[in-house]
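Here's the structure, in structure tokens; my notes come after.
Chains as they are written, first to last, in my numbering: chain A, 90 to 345; chain B, 236 to 418.
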């Protein structure tokens with residue numbers, strides 16, 4: 090083992106002769122046994138650290154319970170939060186039903202338009218000329234009242250459940266052979282009122298007036314005018330005959 | 236030292252080989268030639284170095300750090316043996332007490348085999364060093380054995396450069412006088 094180089098940086102006040110003498114005279118060395126003990130301690134210290142490191146590596150790292158489950162808990166919390174957010178957002182299917190009510194129903198036509206019955210456009214025209222009928226028509230959705238068979242409407246008005254009747258009335262545009270767009274383009278959406286009146290046993294607004302007008306014309310001797318008024322009444326309301334007095338019903342049967 | 240801290244035992248061997256004699260003599264001179272005390276202090280120092288291998292940080296020269304540890308160990312030794320602090324060894328009363336102690340030690344260890352000129356010179360020189368106050372002797376040993384500069388000695392002894400220079404000057408004067416008497 091070499092000694093550390095001494096006297097490499099002498100002070101200005103140093104004595105070169107003294108330094109040389111000191112280096113010659115001061116040459117003691119630590120005993121070899123002391124050197125061996127110190128070096129052995131140094132080796133042992135490193136080996137001890139290596140063994141400790143090996144023990145530490147061999148042992149699985151201990152992780153406390155919260156540390157082990159923290160990632161899973163965080164993932165579950167995020168998933169739960171996302172679910173709640175998705176549930177709280179408005180969805181299309183929540184809005185769709187109310188919107189579908191305004192759309193025309195496209196069920197297959199069940200009732201055919203019979204010959205001799207005024208066309209839909211004529212019926213609409215008649216309705217627009219008659220404020221009471223128009224007021225009745227406001228209850229309807231899309232179908233003109235004339236598209237439904239008079240007799241079947243009168244017959245089914247009392248027997249058919251209200252829901253089925255409404256569905257038939259809603260499906261009227263297709264029944265009459267008109268497209269949904271044409272029905273939607275009609276100035277005043279109309280639906281049959283006779284069945285509704287018969288079902289509710291309440292005369293629709295204006296029906297009594299029309300019946301009174303027919304009666305008055307007939308009483309005044311204007312049979313032709315009464316017949317025309319009755320026909321117009323029938324256009325608006327297929328069950329118009331029911332509003333006439335008993336005395337006029339026989340005559341009304343003769344009016345085509 | 237960093238290599239040894241990383242587990243290189245050969246690095247320690249090289250380090251120890253470079254500084255072992257100087258640190259041993261540093262303790263031996265402070266212990267007035269008492270080899271058992273020097274052995275004990277020397278071993279304590281290097282065991283402390285071994286224990287500090289993982290905490291060692293490069294903030295100064297290794298030799299400065301090493302002699303800082305050595306000096307702390309020396310101060311602890313003085314406190315435990317003499318019950319006096321290092322600073323108190325600088326006054327004249329303590330110097331006189333130390334000189335008497337060295338003289339007694341010298342008288343009791345007379346050996347005819349060392350009755351040569353070199354041996355006489357050595358004894359005189361070391362005896363003269365024993366009369367130098369502890370702080371001045373410490374500065375001298377740090378300088379000639381540790382190879383530390385004035386600034387490094389000032390740093391590790393927490394003294395100013397002028398103070399260190401003054402201590403060295405005093406130690407050199409004492410030792411030079413001893414050598415002149417021998418001539």
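Ideal Cβ positions, reconstructed from N, Cα and C, are used throughout, including at glycine.
Reduced DSSP secondary structure (H/G/I, E/B, other) of residue i
i                      : result
residue 296 of chain B : coil
residue 159 of chain A : helix
residue 115 of chain A : coil
residue 327 of chain A : coil
residue 267 of chain B : coil
residue 291 of chain B : coil
residue 250 of chain B : helix
residue 295 of chain A : coil
residue 395 of chain B : coil
residue 419 of chain B : Residue 419 of chain B lies beyond the stretch modelled for chain B, which goes from 236 to 418, so this question has no answer here.
residue 334 of chain A : coil
residue 397 of chain A : What the structure shows of chain A is the stretch from 90 to 345, and residue 397 of chain A is not part of that stretch, so it cannot be assessed.
residue 104 of chain A : coil
residue 303 of chain A : helix
residue 305 of chain B : helix
residue 411 of chain B : helix
residue 401 of chain B : helix
residue 319 of chain A : helix
residue 381 of chain B : coil
residue 280 of chain B : helix
residue 180 of chain A : coil
residue 344 of chain A : coil
residue 373 of chain B : helix
residue 243 of chain B : coil
residue 169 of chain A : helix
residue 236 of chain B : coil
residue 339 of chain A : helix
residue 125 of chain A : helix
Candidates the options: closest to residue i by CA position
i                      : options                       : result
residue 310 of chain B : B/403, B/409, B/373 and B/246 : B/373
residue 402 of chain B : B/413, B/389 and B/414        : B/389
residue 268 of chain B : B/313, B/249, B/358 and B/286 : B/358
residue 437 of chain B : B/383, B/387, B/363 and B/371 : Limits of chain B in this structure are 236 at one end and 418 at the other, which puts residue 437 of chain B out of reach.
residue 315 of chain A : A/337, A/325 and A/178        : A/337
residue 334 of chain A : A/155, A/164, A/319 and A/345 : A/319
residue 113 of chain A : B/355, B/246 and B/396        : B/355
residue 393 of chain B : B/415, B/408 and B/299        : B/299
residue 291 of chain B : B/239, B/246 and B/384        : B/239
residue 297 of chain B : B/395, B/383, B/396 and B/270 : B/383
Under 9 Å between C-beta atoms of residue i and residue j
i                      : j                      : result
residue 305 of chain A : residue 322 of chain A : no
residue 381 of chain B : residue 249 of chain B : no
residue 272 of chain B : residue 307 of chain B : no
residue 131 of chain A : residue 302 of chain B : no
residue 346 of chain A : residue 296 of chain A : Residue numbering for chain A in the displayed model covers 90 to 345; residue 346 of chain A lies beyond these limits and cannot be assessed.
residue 276 of chain B : residue 266 of chain B : yes
residue 304 of chain B : residue 284 of chain B : yes
residue 127 of chain A : residue 244 of chain B : no
residue 104 of chain A : residue 255 of chain B : no
residue 379 of chain B : residue 405 of chain B : no
residue 375 of chain B : residue 115 of chain A : no
residue 287 of chain B : residue 387 of chain B : no
residue 241 of chain B : residue 119 of chain A : no
residue 377 of chain B : residue 391 of chain B : yes
residue 237 of chain B : residue 293 of chain B : yes
residue 400 of chain B : residue 414 of chain B : no
residue 407 of chain B : residue 107 of chain A : yes
residue 303 of chain A : residue 341 of chain A : yes
Minimum Cβ-Cβ distance from residue i to chain D less than 9 Å
i                      : result
residue 180 of chain A : Absent from the structure: chain D. Protein chains present are A and B.
The ligand SAH heavy atom lying under 8 Å from the CB of residue i
i                      : result
residue 319 of chain A : For the ligand SAH, the structure offers nothing, since it holds no ligand at all.
Quick one: which residues of the region 249–280 of chain B get their C-beta closer than 7 Å to a C-beta of chain A? List them in chain order.
251, 252, 253, 254, 255, 256, 257, 259, 260, 263, 274, 277 and 278
What residues in the region 119–132 of chain A have a beta carbon less than 8 Å from any beta carbon of chain B?
119, 120, 123, 124, 126, 127, 128, 130, 131 and 132
Taking only beta carbons into account, state which residues of the region 286–302 of chain B come closer than 9 Å to chain A, listed in chain order.
286, 288, 289 and 298
Which residues, taken in chain order from the region 357–387 of chain B, show a beta carbon closer than 7 Å to some beta carbon of chain A?
357, 360, 378, 379, 380, 382, 384 and 385
Taking a cut of 7 Å between CB atoms, which residues from the region 387–417 of chain B lie near chain A?
400, 403, 404, 407, 410, 411 and 414
Please name the residues in the region 108–119 of chain A whose beta-carbon is closer than 9 Å to at least one beta-carbon of chain B, in chain order.
108, 110, 111, 112, 113, 114, 115, 116, 117, 118 and 119
Got a sec: which bits of the region 163–183 of chain A sit with their beta carbon under 8 Å from any beta carbon on chain B, in order along the chain?
none
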